[in-house]
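Single-structure report; data block below.
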Amino acid sequence: MAIEGAAARPAVSASVGRSARRDLLALLNRWGWVKVLLFLVPACLLLTFYLVIPIAMLIVMSFYRSTLFGVVPDFSWNNYLHFWRNPMFPNLLLRSIRLAVTVTAISLLVSYPFAYFLARGTRRFRTTLLILVMVPFWTSYLIRTMSWLPILGIKGVVNYSLMTLQIVSNPVEVFLFNQFSVVLTLIHIYLPYMVVPIYLSLDRLDGRLLEAASDLGANPLRTFWHVTLPLSLPGVVGGIVMVFIAAFGAYVTPKLLGGSSGIMFGNVLADQYSGTFNWPFGAVLALIMIAVVLGLLVVASRFTRLDAVFGARA
Amino acid sequence: MTDGRARSFLRIYGAAVYVFLYTPIVMLIVLSFNDSNSITLPWGGFTWRWYRALAENQSVFVSLKNSLTLGLVTAVISTVIGGLAAFAFRSRFRGQVAVMRMLLLPFVIPGLTIGVALLLLFHALGVRPGLLTTTLVAHVGFTLPYVFVLISTRLHRFDESLEEAAMDLGADEITTFWQVTFPLIRPGIVGSALFAFTLSFDEFIRTLFTIGNDNTLPIQIWSTLGSMVSPELNAMATLIVAASFALVIAGELLRGRER
Amino acid sequence: MDSSSDFDLEFRNVTKLFGDVRAVDEATFQVRRGEFLSLLGPSGCGKTTSLRMIAGFERPTSGEIFLDGRPVGATPPYRRNVNTVFQHYALFPHKTVLDNVAFGLRMKRRPPAQIAERVDRMLALVELPGVGRRFPHQLSGGQQQRVALARALINEPTVLLLDEPLGALDLKVRRRMQQELKRIHREVGVTFVYVTHDQEEALTMSDRIAVMNHGRIEQLDTPAGVYERPATRFVAGFIGLTNLLRGVVEGRNDRDVVVRLASGARLRAETADGRAPGAEVDVAIRPEKIQMTAVRPAAADNCLEGQVGSFVYQGAATEYQIALADGQAVRVIVQNIGETWRAAVIPVGSRVYLCWSRGAALILSDVGPRRDPAEDDEPAPERVAWR
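In structure tokens, the structure reads:
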């Protein structure tokens, strides 16, 4: 049963009509870079307006001066000097960094075993467990911050329990409106930021590597130290970076829960645009914040390839 | 460290972490039914009145509508732009590392500094802040890297020989995309859009600096926190948590469909 | 330029470079209408790249490919009358078998009635009637393979390309599919170009085989030609087993060439090779063509003396490793004809005589290292997908 027509058919089939489409596709195939350019233009355009130009404006504004009538160009380093001269600002910067480091460190300690539990545990409820981790992740951090108010306040759950259990007779103020509440809340709301990257890198870990280590004589502890930990490093670094940046850049949490002793860098920054209206100085503070973050990235990139951590193909 | 003991320890530990994660949220939800004027204890009895008050609160509805609109528009624009960029990265081209770094940079710049910088930009341009103008730029920029990463990852897993087969059988590039590529990655794209919507819906800090007189829901909550602190706030928060929960489930179902 | 359209496919000096790597090097050949041609070679030899150039997923760096007498130039794959059966089938997972098979015809906008009828005919041809409504993941590997074949053949291509289609199948299924493919090829009459690294497969299925190595076609011949008269050391080593005995040409007349081995033994072979006396050559003799006896035969064209080093029982035959006087080793395969193998085996250490007629061996003198079939680990050139 031969198929008719095989001998009579011309090799390159003629297409009917649609010549414009053909020409366009032929053009795009000939000049591949046109297609790439076309596809990237929208994103690049957007990011120019979202990222590039705004940061340039920050730099420009940092050389202006704030007067009664608005901002005028200054072309001097006055704003920067203002930062250094008043010890309050560098101290605040250091304190914020310290708080962020504390949050990150504790978050890492708390999250790693949890991520391990998720990744190496039974697969049965894994999806449910992951969803349960993601739900807080997908809820606004504003709400999650706010949710600590009823717990930590003088009329809050903690005090209520303490008084009911008669451990104290008067409400204790130490839980709220200080650095403790800020750190605690920041750990809470950014926990998923640490858990997820570590989970992903642990999940990717091939169990057979652990078996091989065991086969070669390593007990569970040494297997963890020599195999699991190093291979989960990209996730750990990714988590550290994400949590630190979130904690260091915090505004809502310290404002809501920090009282006067829990103020962080972000609050003073934001104040320059509402209360004090010193836009140029605020720009300096913003640039310092960005510089700290970029500094962290540079350090982190020595430990792992950050492009791979943040996703997309390497 | 025996395996059994280690497992039990990890399970207990895991449970403890979940308790830590959820206690504040659960408290929030419980206290939204509190028949008392404070957002915290003591417990005054069960009531629906805060939800009723919410339902009658006009300004909340307006804010909700704004958040939904903004979220929808953001999701669509962000997914299209981010999706196109992800497709661009299937080919190799000069400077691709630099472009990818720029695309991922918004991940690491603190939202507060972006908000401030955008304020400067729009002020300098003389653009008046508006929901679907200045705020939209902030939201699309914010969600773009997330969408880009999600769609890129999905594309990376895509079997290119399917596209070659389609072309081999007579489908040109455009037809191949619609008939083969798009149907197969569609759940991933919708999932990314859903995620972008959620990010936009919850976004606060950049919105604070780029929004004018309008309110989104988080902005309204923020201003309410300053003044009227009552369980109505808890009710609002509870509804938002419920919505997030629903969205996560929807996202997971989509991902499950892909397998 | 005259290109006969007796040839469905022609390569003229086709070269493909990936950076510095010559994936295909000046390939020139013609494929006749209805022929079953195999491209055979180890990984990285250029066979898959050649196939992709025919399909249109790669463009030659230089040279030209002709389909049905016309140059293909820059024509994209979807406008060439060529269809491919992919290595992992590439069936559309989100479409039914019917939609998969009908895809090409729908692209050509054939009327639905005609499509339906042809799909039925195709599925019957590949012996899968009635699976139209199922999805690919519900089929076995062999069934998926047949669907892929139907999907390609239904378009009546000038040339059908098959990229190692049987690689993913179990041995038994693979054997059966080889016969199926041959049957379908005979019934349909379309030109097949088949890529494989399995020489047994190529030998059983092909009308002609192009043996490729490092981008070059070392020999294009019938299976018997490639097996019995390998043109180069590579071909001799890649197809089946060969013994290569190094020696020097001592003399020649119009019938024979005489080669002297290092041990002093002289071998006679037929050859048209024009190598002059003094040239260094290899005498190639297949293990199964050597007769091994314990007693020196009275009259024989070629005979070598050796000692049994080891043997391996292979069921239908026994393979002996024989050590010659000058240290070279020779493999001999002896059919286990006798009633019991144990009684017939020649023990280690025995002195034996290896003899063969002058027509059984041939002289190979191509320049190039002896190729060891064990070196099959060259990395394939990186595929740059056509976009």
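These protein sequence lines are chains A, B and C, in that order. Count along the first sequence starting at 1, add 2, and that's the number in the numbering used here. Count along the second sequence starting at 1, add 899, and that's the number in the numbering used here. Count along the third sequence starting at 1, add 25, and that's the number in the numbering used here. No residue lacks a Cβ here, since even glycine has one placed at the ideal position from N, Cα and C.
Taken through DSSP and simplified to helix, strand or coil, residue 343 of chain C comes out as strand. The straight-line gap separating the alpha-carbon atoms of residue 174 of chain A and residue 161 of chain A is approximately 6 Å. Taking 9 Å as the threshold, the shortest C-beta distance from residue 1139 of chain B to chain A falls below it. Collapsing the DSSP output to three states places residue 262 of chain A in coil. With a threshold of 16 other beta carbon atoms within 10 Å, residue 136 of chain A meets it and is buried. Under the DSSP assignment, residue 216 of chain A falls in the alpha helix (DSSP H) whose first and last residues are 209 to 217. Residue contact check for residue 1100 of chain B against chain A: a CB pair falls below 9 Å. For chain C, the residues of the segment 1059 to 1080 of chain B that bring a beta carbon within less than 9 Å of one of its beta carbons are 1059, 1060, 1061, 1062, 1063, 1064, 1065, 1066, 1067, 1068, 1069, 1070, 1071, 1072, 1074, 1075, 1078, 1079, in chain order. Of all residues in the segment 125 to 136 of chain C, the ones placed with a Cβ closer than 7 Å to any Cβ belonging to chain B are 128, 129, 132, 133, in chain order.
Annotation for residue 276 of chain C: the continuous beta strand (DSSP E) segment containing it runs 268 to 277. Legend: CB atoms of the segment 1082 to 1099 of chain B lying less than 7 Å from CB atoms of chain C belong to residues 1082, 1083. Closer than 8 Å at the C-beta level to chain B, one finds these residues of the segment 152 to 174 of chain A: 152, 153, 155, 157, 158, 159, 162. Annotation: the continuous alpha helix (DSSP H) that includes residue 213 of chain C extends over 196 to 213. Chain order gives no chain A residues near residue 994 of chain B, where near means a beta carbon separation below 8 Å; the closest approach is about 10 Å.
For the 9 Å CB-CB criterion, residue 245 of chain C and residue 309 of chain C do not form a contact. One alpha carbon belongs to residue 954 of chain B, the other to residue 141 of chain A, and they sit about 21 Å apart. Residue 112 of chain C has a beta carbon lying within less than 9 Å of a beta carbon in chain B.
Burial is judged here by how many other beta carbons sit within 10 angstroms of a residue's own beta carbon; residue 68 of chain C has fewer than 16 and is exposed. Listed along chain B are 1063, 1064, 1067, each with a C-beta nearer than 8 Å to that of residue 109 of chain C. A straight line joining the alpha-carbon of residue 298 of chain A with that of residue 99 of chain A spans about 11 Å. Contact between residue 120 of chain A and residue 201 of chain A holds, since their C-beta atoms are separated by about 5 Å, short of 8 Å. Inter-residue distance for residue 1131 of chain B and residue 1062 of chain B is about 54 Å (C-alpha atoms, whole angstroms). Secondary structure note for residue 218 of chain C: it is in no alpha helix (DSSP H), and the uninterrupted beta strand (DSSP E) holding it is 216 to 221. Taking all protein chains in view, the Cβ of residue 1017 of chain B is crowded by 16 or more other Cβ atoms within 10 Å, so the residue is classified as buried. Annotation: the continuous alpha helix (DSSP H) that includes residue 37 of chain A extends over 34 to 49.
Looking at the DSSP output, residue 378 of chain C bridges to C:318, C:330. In the three-state scheme derived from DSSP, where H, G and I count as helix and E and B as strand, residue 964 of chain B is classed as helix. Residue 49 of chain C is positioned such that its CB atom lies no closer than 9 Å to that of residue 107 of chain C.
Contact annotation for residue 117 of chain C against chain B: 1061, 1064, 1065, 1078, 1079, 1082, 1083 [CB-CB distance below 9 Å, chain order]. Under the 9 Å criterion on CB atoms, residue 1057 of chain B is classed as non-interfacial with respect to chain A. When DSSP assignments are scanned along the segment 136 to 200 of chain C, the uninterrupted stretches of beta strand (DSSP E) that are 3 or more residues long and fall wholly within it turn out to be 184 to 188.
The alpha-carbon separation between residue 191 of chain A and residue 37 of chain A amounts to approximately 42 Å. In this structure, DSSP gives residue 81 of chain A a helical state, which the three-state scheme calls helix.
In the three-state DSSP reduction, residue 244 of chain C falls in the strand class (E or B).
In the displayed model, residue 86 of chain C falls within coil according to three-state DSSP, outside both helix and strand. Distances from the alpha-carbon of residue 921 of chain B to those of A:281, A:139, A:92, A:254 put A:139 closest.
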